[in-house]
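First up is the structure itself, then whatever we jot down about it.
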Amino acid sequence: MRTDDLIKAIAADAKTVEPPIGQTLTMAVGAGTLISALLFLWALGIRDNFMDSIATSVRFAFKFVLTLSVAIPAFLLVRGLARPDFKPDGRLWWLALAPALLLAGIIGEMMVLPADTWKARMIGQNSVYCLIVIPILSLAPLAAVLYALRKGAPTHPVTAGAVGGLLSAGIAATLYAAHCPDDSPLFLAAWYTIGVVVMTGVGALLGSRMLRW
Amino acid sequence: MRAAIAGDESAYRKLLSELSQVLRGVVRRGFAGVGVPRDDVEDVVQDVLLAIHLKRHTWDRSMPLGPWVSAIARNKMIDDLRRRGRRPEVAVDLSEFEIEGEDQQASIDARDLDRVLNGLSDKNRDIVRSISIDGHSAKEVAERLGMTEVAVRVALHRSLKALAATYQEKNT
Chain A
1 MRTDDLIKAI
11 AADAKTVEPP
21 IGQTLTMAVG
31 AGTLISALLF
41 LWALGIRDNF
51 MDSIATSVRF
61 AFKFVLTLSV
71 AIPAFLLVRG
81 LARPDFKPDG
91 RLWWLALAPA
101 LLLAGIIGEM
111 MVLPADTWKA
121 RMIGQNSVYC
131 LIVIPILSLA
141 PLAAVLYALR
151 KGAPTHPVTA
161 GAVGGLLSAG
171 IAATLYAAHC
181 PDDSPLFLAA
191 WYTIGVVVMT
201 GVGALLGSRM
211 LRW
Chain B
214 MRAAIAGDES
224 AYRKLLSELS
234 QVLRGVVRRG
244 FAGVGVPRDD
254 VEDVVQDVLL
264 AIHLKRHTWD
274 RSMPLGPWVS
284 AIARNKMIDD
294 LRRRGRRPEV
304 AVDLSEFEIE
314 GEDQQASIDA
324 RDLDRVLNGL
334 SDKNRDIVRS
344 ISIDGHSAKE
354 VAERLGMTEV
364 AVRVALHRSL
374 KALAATYQEK
384 NT
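These protein sequences, in sequence, are chains A and B. Count the first sequence with the working numbering and you get residues 1 to 213, in order. Count the second sequence with the working numbering and you get residues 214 to 385, in order.
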């Protein structure tokens, strides 16, 4: 087929344009989050003393600061990565925010608590639960992000997939934090991070397979 | 491109035609150093044009069009080189290239797309051929085939997607 002829065919298809990719991505992530939130409320629910804790416990509030510091930068980055002309360069540093906050939290915790309680705080009450629930609650947001990225045109498919996985885990961790009885930064560092790292890896792997175009 | 996204066919056609000339130069120069045959250049140009079309909702209207087109061209060229088992090192910078004065290659057939076209159903192939090679409008094709114009447009859109997807499958 001649290129001029192809151009005629393409031009005749001028009217079928999809919604802007940023909009698709935002709606997909919103839908994925909603599904996980409903699943969370049905299966686990918010812990009984939620209102009390959020007002009085710095540790409890810090959990949400930390999980949102994973989810929000990841969401902003994914919006960029869905476009072909996005250069990841400096903006990848946004992702350093969460590790920096976590490190600060760990240091603070170690300063206020005597050393012989560290281990008990780290192991917590519900570590196995945490390991299972975060990946499960990540599934719907991850599927939604990958669906939207496929509509996009990522030129860094592995990075886009990885940040998508990170975003899904950030959303899942934010939900789970509202149930989880363990609030110590030591617990977060030991257990939450495993789920987050696993989902980032899953995202990278799926990205390398699904996001080429 | 703004007019094209708003659905203006003639503006879109003009834009694609200009872009194809720029792309032809870019791809030819990008491939010259690695010894890719000139005939294959047209295949890649067509692949890039399809990608521009199907991914145009990923262009941020507040940004310049050039870097976006370059990024798509670069991605498609890298794919093509990878397919050939070469190390994909392609520098694409549209700002370096002038639009080529003459446009001889546009009349050269690209073989890949013909093979791909054969994979479509008879009706869809007929629709694509009528609109592209014979230059009929969607309305004329609709009347001839006894379909609604909308159905013809939908079939055309699906066919273009299928063409792009077949390029993609070849890559994997």
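Ideal Cβ placement from N, Cα and C applies to all residues, glycine included.
Worksheet item: Which runs of the beta strand (DSSP E) spanning at least 3 residues fall entirely within the segment 5–73 of chain A, listed in chain order?
Response: none
Worksheet item: Of all Cβ atoms in chain B, is any one closer than 8 Å to the Cβ of aspartate 13 (chain A)?
Response: Translated into the one-based positions of the first sequence, residue 13 (chain A) becomes position 13. Chain B, which has a Cβ nearer than 8 Å to the Cβ of aspartate 13 (chain A), makes this yes.
Item to complete: Please compile the residues from chain A whose C-beta is within a distance smaller than 7 Å of the C-beta of leucine 333 (chain B).
Response: To locate residue 333 (chain B), count along the second sequence from 1; it is residue 120. Per Cβ cutoff of 7 Å: no residues; leucine 333 (chain B) is ~12 Å from chain A at best.
Fill in: chain A contact for arginine 226 (chain B) (CB, 8 Å cutoff)
For this step, residue 226 (chain B) is matched to residue 13 along the second sequence. It does: the Cβ of arginine 226 (chain B) has a partner Cβ on chain A nearer than 8 Å.
Worksheet item: On the premise that serine 184 (chain A) lies in contact with leucine 142 (chain A), defined as a C-beta separation below 8 Å, what is that separation, rounded to the nearest angstrom?
Response: Within the first sequence, numbered from 1, the residue matching residue 142 (chain A) stands at position 142. Within the first sequence, numbered from 1, the residue matching residue 184 (chain A) stands at position 184. That belief does not hold up - the Cβ atoms of leucine 142 (chain A) and serine 184 (chain A) are roughly 27 Å apart, past 8 Å.
Worksheet entry | methionine 290 (chain B) versus aspartate 5 (chain A): straight-line alpha-carbon distance, rounded | Taking the second sequence and counting its residues from 1, one reaches residue 290 (chain B) at position 77. Taking the first sequence and counting its residues from 1, one reaches residue 5 (chain A) at position 5. When rounded, the distance between both Cα atoms is 22 Å.
Worksheet item: Which runs of the alpha helix (DSSP H) spanning at least 4 residues fall entirely within the segment 335–369 of chain B, listed in chain order?
Response: 335–345 and 351–358
Worksheet item: Using a C-beta cutoff of 8 Å, does valine 78 (chain A) count as contacting chain B?
Response: Counting from one through the first sequence, the residue named residue 78 (chain A) turns up at place 78. Chain B contact via Cβ: absent.
Worksheet item: Using a C-beta to C-beta distance shorter than 7 Å, which residues of chain A count as neighbours of threonine 271 (chain B)?
Response: Reading the second sequence from its first residue, position 58 is the one you call residue 271 (chain B). Near threonine 271 (chain B) (Cβ distances below 7 Å), the residues of chain A are Ile21, Ala82, Arg83, Pro84, Gly152 and Ala153.
Worksheet entry | Minimum C-alpha distance to cysteine 180 (chain A) - residue among A:Ala162, A:Leu76 and A:Arg47 | As a working note, residue 180 (chain A) is residue 180 in the first sequence. Minimum Cα distance to cysteine 180 (chain A) is reached at A:Arg47.
Discussion item. Quick check on the DSSP output: the alpha helix (DSSP H) that includes serine 223 (chain B) runs from which residue to which?
Written reply: Here the question's residue 223 (chain B) lines up with position 10 in the second sequence. Element bounds for serine 223 (chain B): 222–245.
Discussion item. I'd like to know whether the C-beta of leucine 6 (chain A) is nearer than 8 Å to at least one C-beta of chain B.
Written reply: Indexing the first sequence from 1 puts residue 6 (chain A) at position 6. With 8 Å as the cut-off, leucine 6 (chain A) counts as an interface residue toward chain B.
Discussion item. Need the endpoints of the alpha helix (DSSP H) that valine 282 (chain B) sits in, please.
Written reply: As a working mapping, residue 282 (chain B) is identified with position 69 in the second sequence. Its alpha helix (DSSP H) spans residues 278–296.
Worksheet item: Is the beta carbon of alanine 217 (chain B) sitting closer than 8 Å to the one on leucine 228 (chain B)?
Response: On the second sequence, position 4 is the one that residue 217 (chain B) refers to. On the second sequence, position 15 is the one that residue 228 (chain B) refers to. Going by C-beta atoms, alanine 217 (chain B) is nearer than 8 Å to leucine 228 (chain B).
Practice prompt. On a CA-only basis, which of A:Ala9, A:Lys8, A:Ala98 and A:Asp89 is nearest valine 197 (chain A)? Give me that one, please.
Written response: Position 197 of the first sequence, counting from 1, holds the residue named residue 197 (chain A). Of A:Ala9, A:Lys8, A:Ala98 and A:Asp89, the residue nearest in Cα terms is A:Ala98.
Worksheet item: Between the segment 264–279 of chain B and the segment 8–24 of chain A, are three or more C-beta pairs nearer than 8 Å?
Response: yes
Worksheet item: Are any of the Cβ atoms in chain A nearer than 8 Å to that of arginine 338 (chain B)?
Response: In the second sequence, counting from the first residue as 1, residue 338 (chain B) sits at position 125. So no, arginine 338 (chain B) is outside the interface.
Discussion item. Quick check on the burial criterion: 16 or more other C-beta atoms within 10 angstroms. Buried or exposed for valine 133 (chain A)?
Written reply: Mapped onto the first sequence, residue 133 (chain A) falls at position 133. Buried, since its Cβ has 16 or more Cβ neighbours within 10 Å.
Worksheet item: With valine 329 (chain B) and leucine 267 (chain B) assumed to form a contact (beta carbons below 8 Å), what rounded beta-carbon distance in angstroms separates them?
Response: The residue you call residue 329 (chain B) lines up with position 116 of the second sequence. The residue you call residue 267 (chain B) lines up with position 54 of the second sequence. With 8 Å as the limit, valine 329 (chain B) and leucine 267 (chain B) do not qualify as a contact, their Cβ atoms being about 14 Å apart.
Discussion item. Within 10 Å of its beta-carbon, does methionine 199 (chain A) have 16 or more other beta-carbons around it, so buried, or fewer, so exposed?
Written reply: Reading the first sequence from its first residue, position 199 is the one you call residue 199 (chain A). Burial call: buried.
Fill in: Neighbourhood of tryptophan 281 (chain B) by C-beta distance below 6 Å, restricted to the same chain and skipping five residues each side
By one-based count along the second sequence, residue 281 (chain B) stands at place 68. If we look at tryptophan 281 (chain B) and ignore the five residues flanking it on each side, its Cβ neighbours are Trp272.
Fill in: contact_flag[the segment 73–81 of chain A, the segment 109–124 of chain A] where n(CB pairs < 8 Å) is 3 or more
no
Fill in: Contacts around valine 363 (chain B), its chain only, beta-carbon distance under 6 Å, and the 5 residues preceding and following it disregarded
The sequence position of residue 363 (chain B) within the second sequence is 150, counting from 1. Within the same chain, valine 363 (chain B) has no close Cβ partners at all.
Worksheet item: Taking the C-alpha atoms as reference points, what is the distance between aspartate 339 (chain B) and tyrosine 225 (chain B)?
Response: As a working note, residue 339 (chain B) is residue 126 in the second sequence. As a working note, residue 225 (chain B) is residue 12 in the second sequence. Roughly 23 Å separates the two Cα atoms.
Fill in: Extent of the continuous alpha helix (DSSP H) to which tyrosine 176 (chain A) belongs
What you label residue 176 (chain A) is simply residue 176 of the first sequence in a count that begins at 1. Here the alpha helix (DSSP H) through tyrosine 176 (chain A) covers 157–177.
Worksheet item: When every heavy atom of the ligand SAH is checked, does at least one fall within less than 7 Å of the C-beta of isoleucine 340 (chain B)?
Response: Ligands are entirely absent from the displayed structure, and the ligand SAH is therefore not among its contents.
Worksheet entry | Length of the line joining the Cα atoms of threonine 385 (chain B) and aspartate 252 (chain B) | The residue you call residue 385 (chain B) lines up with position 172 of the second sequence. The residue you call residue 252 (chain B) lines up with position 39 of the second sequence. Note on threonine 385 (chain B): pLDDT 46, under 50, position unreliable in the model; no value is reported.
Worksheet item: Do you know offhand how far isoleucine 265 (chain B)'s Cα is from aspartate 13 (chain A)'s?
Response: Locating residue 265 (chain B) in the second sequence gives position 52, counting from the first residue. Locating residue 13 (chain A) in the first sequence gives position 13, counting from the first residue. For isoleucine 265 (chain B) and aspartate 13 (chain A), the distance between alpha carbons rounds to 12 Å.
Worksheet item: Which chain E residues are close to valine 163 (chain A), counting only those with a beta carbon under 8 Å from its beta carbon?
Response: No chain E appears in the structure shown, which is made up of the protein chains A and B.
Discussion item. Can you check which of these residues, B:Met360, B:Glu222, B:Ile285 and B:Met214, is closest to leucine 236 (chain B) by C-alpha distance?
Written reply: Numbered from 1 along the second sequence, position 23 holds the residue referred to as residue 236 (chain B). Of B:Met360, B:Glu222, B:Ile285 and B:Met214, the residue nearest in Cα terms is B:Ile285.
Worksheet item: How is arginine 83 (chain A) classed by DSSP in three states: helix, strand or coil?
Response: The sequence position of residue 83 (chain A) within the first sequence is 83, counting from 1. Arginine 83 (chain A): coil per DSSP, three-state reduction.
Fill in: Rounded straight-line distance, which links the Cα of threonine 3 (chain A) to that of threonine 33 (chain A)
Numbered from its first residue, the first sequence carries residue 33 (chain A) at position 33. Numbered from its first residue, the first sequence carries residue 3 (chain A) at position 3. The straight-line gap from Cα to Cα measures roughly 44 Å.
Practice prompt. Check whether the Cβ of methionine 210 (chain A) lies closer than 8 Å to any Cβ atom in chain B.
Written response: Along the first sequence, read from residue 1 onward, the residue named residue 210 (chain A) stands at position 210. By this cut-off, methionine 210 (chain A) is not an interface position.
Practice prompt. Could you tell me which residues DSSP pairs with arginine 371 (chain B) in its beta bridges?
Written response: Residue 371 (chain B) sits at position 158 when you count from the first residue of the second sequence. Looking at the DSSP assignment, arginine 371 (chain B) forms no beta bridge with any residue, so it has no partner.
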